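*Asks:*
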Amino acid sequence: MVRKMVAVVLVASAMLVAACNTVRGMGEDVSSAANSTENAMNGR
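Residue numbering for the sequence shown follows the UniProt record's numbering, starting at 1 and increasing by one per position.
1) For residue 44, name the three-state secondary structure that DSSP assigns.
2) Excluding five sequence neighbours on each side, which residues of the same chain lie with their C-beta closer than 8 angstroms to the C-beta of residue 11?
3) Pick helix, strand or coil for residue 1, following the three-state DSSP scheme.
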């Protein structure tokens, strides 16, 4: 029983870390796209 709980916690932790990295990467992509759009609008 304890081994199953430890396994579940480890898997959940790994998924949480992966999700945070994915969200961070998506935020950087959106920010980059916004900067590119702003630069195009300002003629840079």
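Ideal Cβ positions, reconstructed from N, Cα and C, are used throughout, including at glycine.
Computed from a prediction, not measured in an experiment: that's the story for all the values here.
*Replies:* Let me lay it out:
1) Residue state for residue 44 is assigned as coil, using DSSP reduced to three classes.
2) Hits under 8 angstroms: none found.
3) It is coil, neither helix nor strand.
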